[in-house]
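Undergrad: Let me give you the structure first, and then I'll get to my questions.
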Amino acid sequence: RELVARIKVILKRLTHAAAVAAATPATLPTETILALGGLSLDAGTFTVTVGQTHVPLTATEFHLLERFMRAPQKVFTRDELVQTDVFRDIVSDRTIDSHIRRIRKKLADAGHPEAIETVRGFGYKLGATP
């Protein structure tokens, strides 16, 4: 029963994501360099820096962080984050959590320990900037 329930959740997300993608024009914001506090993200070169320290992120981690930085005050639910293109073929509900954990560790190692905050009961948001 648990497997069937998980499959239904995944199918529901995929169906919803496809409907949203079909209804929304595929336009990217024109701003390529996003900076908040000491955190900087360059969408043109796919680089992230904390101060002068380069932070190596995977493509998935980069796109996830970019989503947070484009809406710094917004609280994103897991479902909203799953609906991004990079998570089209998601397998588990906890995939987002794993990516968030890795981003947090990499940014903390570079000197930005509170980059992404958990909003208990809701999701995640961009944290305080140093």
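Start counting the sequence shown at 16; every next residue gets the next number (my numbering).
Cβ atoms here follow ideal geometry from the backbone N, Cα and C, with glycine treated the same way.
These numbers come from a predicted model, not from an experiment.
Figure out for me which residue from E81, T47, G59, E129 has the closest Cα to the Cα of T99.
TA: Ranking the options by Cα distance to T99, first place goes to E81.
Undergrad: In the DSSP assignment, find the beta strand (DSSP E) that holds E132 and state where it starts and stops.
TA: Its beta strand (DSSP E) spans residues 131-134.
Undergrad: Hey, how far is the Cα of R93 from the Cα of L26?
TA: Computed Cα separation, rounded: 15 Å.
Undergrad: Which partner residues of L56 appear in the DSSP bridge assignment?
TA: Answer is L49, V63, bridged to L56.
Undergrad: On a Cα-Cα basis, can you pick out the residue from L49, A20, T133 that is closest to I90?
TA: Ile is not the amino acid found at residue 90; the sequence shown has Val there. It is T133 whose Cα lies nearest to the Cα of V90.
Undergrad: Do H69 and T62 have their CB atoms nearer than 8 Å?
TA: Yes. Within cutoff.
Undergrad: For a test of the three-state rule: what should DSSP assign to H146, helix, strand or coil?
TA: Not covered by the structure: residue 146. The range shown for the chain is 16 to 145.
Undergrad: Starting from the C-beta of R119, find all residues in its chain whose C-beta is less than 6 Å away, skip the five residues before and the five after it, and write them out in chain order.
TA: Result list for R119: I131, in chain order.
Undergrad: Kindly indicate which three-state DSSP category L43 falls into: helix, strand or coil?
TA: In this predicted model, L43 has a pLDDT of only 46, less than 50, meaning its place in the structure is not dependable enough to derive any value.
Undergrad: Nearest-angstrom Cα distance between G142 and S113?
TA: Between G142 and S113, the C-alpha separation is close to 17 Å.
Undergrad: Measuring alpha carbon to alpha carbon, tell me which of F83, G53, R85 ends up nearest A123.
TA: For the residues F83, G53, R85, the minimum Cα distance to A123 belongs to G53.
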